[in-house]
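Read through the structure below, which is laid out as structure tokens, and then see the notes.
In my numbering, the protein residues as written are 67 to 337.
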């Protein structure tokens, strides 16, 4: 039996992204208010909303928006057009960092503040830097759009930081290559790889020393301090919530083993 997955006690996605989506829909001559209503939202309340949105609300919103526009690539539009201010102190910390490498480390450390259904890890090596995400809670039907949104938003921040998208950037997506894959070409020269184990962004070592155009030591320190303060108060989904969410999506009694569950949670199984 397939039952709805429980949600985290906190609302993991800032409301700003729903406001940006509504504006995107309006520009596409789509009734954004009708789409909001399908997710149990309304524009006047959304404008005043300080709390984030739950995963279930975001999923309903994404499904309604894709159905209304006929654009399964809507996440690329949303993430690619999001202003730096939409990402809060994290965005400002990235675009005032000294180099692209520093900016990417900012994204890896603080991205959970903008969507705590994901845990990001930065892996540095001689070949470059890799930012990889682990899903703390399953995204369900909205997975593709949300992955596209996150990837496109990160690329938008990179472009704002150094003035262009450097050659050699690679984005891994967990879903299959879609029929509309040509939409990803708008981010050229970025290379996209599909059917990968996890959402990830890679930058080769040759790009990490690229200077950030708006580098500002004082502004970067202030934005980073704000991020650290927010991180200290941040409460991601608990381990029990993550386990329950995965088990709730089990069909036909195919429960994962302890080793498989550890892999889903991004942790090492006990010896």
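Note that the Cβ used here is the ideal one computed from N, Cα and C, for glycine as well.
Alpha-carbon to alpha-carbon, residue j and residue i
i           : j           : result
residue 269 : residue 194 : 6 angstroms
residue 204 : residue 120 : 13 angstroms
residue 182 : residue 288 : 22 angstroms
residue 190 : residue 297 : 22 angstroms
residue 223 : residue 99  : 28 angstroms
residue 175 : residue 160 : 11 angstroms
residue 314 : residue 202 : Only weak support exists for where residue 314 lies, its pLDDT of 48 falling under 50; the coordinates are left without a value.
residue 243 : residue 117 : 35 angstroms
residue 291 : residue 299 : 13 angstroms
residue 295 : residue 229 : 29 angstroms
residue 271 : residue 235 : 10 angstroms
residue 251 : residue 245 : 13 angstroms
Spatially closest choice to residue i from the options, by CA coordinates
i           : options            : result
residue 107 : 94, 95, 93, 128    : 128
residue 248 : 167, 137, 152      : 137
residue 188 : 172, 158, 79       : 172
residue 265 : 123, 290, 215      : 215
residue 192 : 213, 167, 206      : 167
residue 79  : 90, 154, 289, 95   : 154
residue 145 : 286, 292, 87, 186  : 87
residue 233 : 242, 164, 243, 258 : 258
residue 276 : 83, 225, 283, 123  : 225
residue 255 : 231, 274, 242      : 231
residue 273 : 122, 151, 196      : 196
residue 177 : 200, 164, 126, 90  : 200
residue 148 : 299, 280, 239, 89  : 89
residue 125 : 92, 292, 84        : 84
residue 263 : 162, 293, 239      : 239
residue 115 : 142, 82, 96, 135   : 82
residue 122 : 206, 96, 243       : 206
residue 142 : 213, 92, 96, 185   : 213
residue 102 : 95, 112, 235, 151  : 112
residue 221 : 150, 186, 162      : 150
8 angstroms Cβ cutoff met for residue i and residue j
i           : j           : result
residue 105 : residue 133 : no
residue 278 : residue 227 : yes
residue 211 : residue 140 : yes
residue 179 : residue 156 : yes
residue 241 : residue 253 : no
residue 217 : residue 267 : yes
residue 158 : residue 284 : no
residue 110 : residue 281 : no
residue 91  : residue 135 : yes
Helix, strand or coil at residue i according to DSSP, with G and I counted as helix
i           : result
residue 97  : coil
residue 238 : strand
residue 115 : coil
residue 267 : strand
residue 231 : coil
residue 144 : helix
residue 139 : coil
residue 47  : Nothing in the structure corresponds to residue 47, since the chain is present only between 67 and 337.
residue 199 : strand
residue 109 : helix
residue 259 : strand
Below-8 angstroms beta-carbon distance, residue i vs any chain C residue
i           : result
residue 239 : Judged by its chain identifiers, the structure shown contains no chain C, having just a single protein chain.
TODO: Let me know the alpha helix (DSSP H) ranges lying completely inside the region 166-196, each 4 residues or longer, listed in chain order.
DONE: 166-176
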